[in-house]
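With the UniProt record's numbering applied, the sequence shown corresponds to residues 1 to 250, in that order. Backbone N, C-alpha and C define an ideal beta-carbon position, used for all residues, glycine too. Here the structure is a predicted model, which means the values were calculated and not measured. Here's the structure, in structure tokens; my notes come after.
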Amino acid sequence: MPEARQPATSRLWPSGGVHLWPSGGTSQQQIHARGHLVYAAQGVLSVHTERGTSIVPANRVAWTPAGFPHQHAAHGHTDMRIVFLPASLARLVPDHPVVFLASDLAREILLALTGPQPRDTAAQARLRRVLVDELHEAHEQPLQLPTPRDDRLRSIAQLLQDNPADNASLTELGRTIGASARTLSRLFHDELGMTFYEWRTQLRVFHALVLLADGHDTTHVAHACGWANPSHFIAAFTKLVGTTPGRHRS
Numbered sequence: 001m002p003e004a005r006q007p008a009t010s011r012l013w014p015s016g017g018v019h020l021w022p023s024g025g026t027s028q029q030q031i032h033a034r035g036h037l038v039y040a041a042q043g044v045l046s047v048h049t050e051r052g053t054s055i056v057p058a059n060r061v062a063w064t065p066a067g068f069p070h071q072h073a074a075h076g077h078t079d080m081r082i083v084f085l086p087a088s089l090a091r092l093v094p095d096h097p098v099v100f101l102a103s104d105l106a107r108e109i110l111l112a113l114t115g116p117q118p119r120d121t122a123a124q125a126r127l128r129r130v131l132v133d134e135l136h137e138a139h140e141q142p143l144q145l146p147t148p149r150d151d152r153l154r155s156i157a158q159l160l161q162d163n164p165a166d167n168a169s170l171t172e173l174g175r176t177i178g179a180s181a182r183t184l185s186r187l188f189h190d191e192l193g194m195t196f197y198e199w200r201t202q203l204r205v206f207h208a209l210v211l212l213a214d215g216h217d218t219t220h221v222a223h224a225c226g227w228a229n230p231s232h233f234i235a236a237f238t239k240l241v242g243t244t245p246g247r248h249r250s
């Protein structure tokens, strides 16, 4: 992570808060005694933990359990909302970092719990319970890019993070780092639970979300992320994010 750049404006209280981040803003690594949800009312967030990096566009909400070291980063000017959950509710959601699809109701509750008008304690408790019920019904979303542990996979990950448009095959990348495609394919499956091509597609969509947040158009983003045909990019993006790049930008 780059050196931390603090939010331009913050409003914090015991149950949550709001950070207004400039594009490129980052937090220090931190650990909380309570698990928390983060939502981007504007912009795109990334959440970094030892498990990997989660990208949080406007139709997602990220959960980080208590005790997990984490950092946040903003892509585009970002309105970050935070809601802490008491232990009685935290035990109803996963014990690992995860990204959920945010229903319309979940988004409205997140905004209400972090809005300018104060609510009494009982009303907040009721809203948090409904929010957790909504998340309990939602499926975990494939918007978390796991971090490789194996040095060979780390080398490939670094090459592709530096240049997401690189279309080298796994065999070609293997030659660069001195490992066979068969070995690397097995490592991706055993360690990350996905194929190399699935992992690279997620990496590219992550990069695309960042570029879209910075205001780039769909054709530019498609080429910058390795798709020669923008329609193929749109299909891959829509499959993972649940909306087209154009609708996401707007």
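Would residue 26 pass as a contact of residue 73 if the rule is Cβ separation under 9 Å?
Contact flag set, yes.
Can you find the residues in the same chain that come closer than 7 Å, C-beta to C-beta, to residue 2, ignoring five residues on each side of it along the sequence?
Confidence in residue 2 is poor, its pLDDT being 44 and thus under 50, which makes the residue's placement too unreliable to answer from.
Hey, would you say residue 77 sits closer than 9 Å to residue 22, going by beta carbons?
Taking 9 Å as the Cβ cut-off, residue 77 and residue 22 qualify as a contacting pair.
Name the DSSP beta bridge partners of residue 79, please?
Bridge partners of residue 79: 20, 42.
Give a yes or no on whether the C-beta atoms belonging to residue 148 and residue 187 are separated by under 9 Å.
Yes, the pair counts as a contact, with Cβ atoms nearer than the cut-off.
Helix, strand or coil for residue 1? Go by DSSP, reduced to three states.
The predicted position of residue 1 is uncertain, since its pLDDT is 43 and thus under 50; a value taken from the coordinates is nonetheless stated next. In the structure shown, residue 1 sits in coil (DSSP, three-state: anything other than H, G, I, E or B).
Between the alpha carbons of residue 174 and residue 84, how many angstroms are there, rounded?
Those two C-alpha atoms are separated by around 43 Å.
Pull up the distance between the alpha-carbon of residue 44 and that of residue 190, whole angstroms please.
Approximately 30 Å between the Cα atoms of the pair.
In chain order, what residues of the same chain have a beta carbon less than 7 Å from the beta carbon of residue 138, not counting five sequence neighbours either side?
Answer for residue 138: 100, 101, 103, listed in chain order.
Just verifying my parser: in three-state terms, what is the DSSP assignment at residue 51?
It is coil, neither helix nor strand.
Kindly indicate which three-state DSSP category residue 114 falls into: helix, strand or coil?
Three-state DSSP puts residue 114 in coil, outside helix and strand.
Using DSSP with H/G/I as helix, E/B as strand and the rest coil, what is residue 103?
Residue 103: coil per DSSP, three-state reduction.
So, under 8 Å CB-CB, residue 254 and residue 132 are touching, yes? Tell me the CB distance rounded to an integer number of Å.
Here the chain has residues from 1 to 250 only, and residue 254 is not among them.
In angstroms, rounded to a whole number, what distance separates the CA positions of residue 192 and residue 121?
Approximately 42 Å between the Cα atoms of the pair.
Find the nearest neighbour of residue 213 within the set 14, 46, 28, 126, judged by alpha-carbon distance.
Nearest C-alpha to residue 213: 46.
The alpha helix (DSSP H) spanning residue 199 covers which residue range?
Note, residue 199: alpha helix (DSSP H), 196 to 213.
Run the CB neighbour count on residue 164, radius 10 Å, all protein chains shown included, and call it buried at 16 or more, exposed below.
Looking at its Cβ environment, which holds 16 or more other Cβ atoms inside 10 Å, residue 164 is buried.
Measuring CA to CA, which of 185, 136, 205, 56 is closest to residue 153?
Answer by Cα proximity: 185.
How far does the alpha helix (DSSP H) with residue 62 in it extend, from its first residue to its last?
It is not in any alpha helix (DSSP H) - residue 62 instead sits in the beta strand (DSSP E) that spans 60 to 64.
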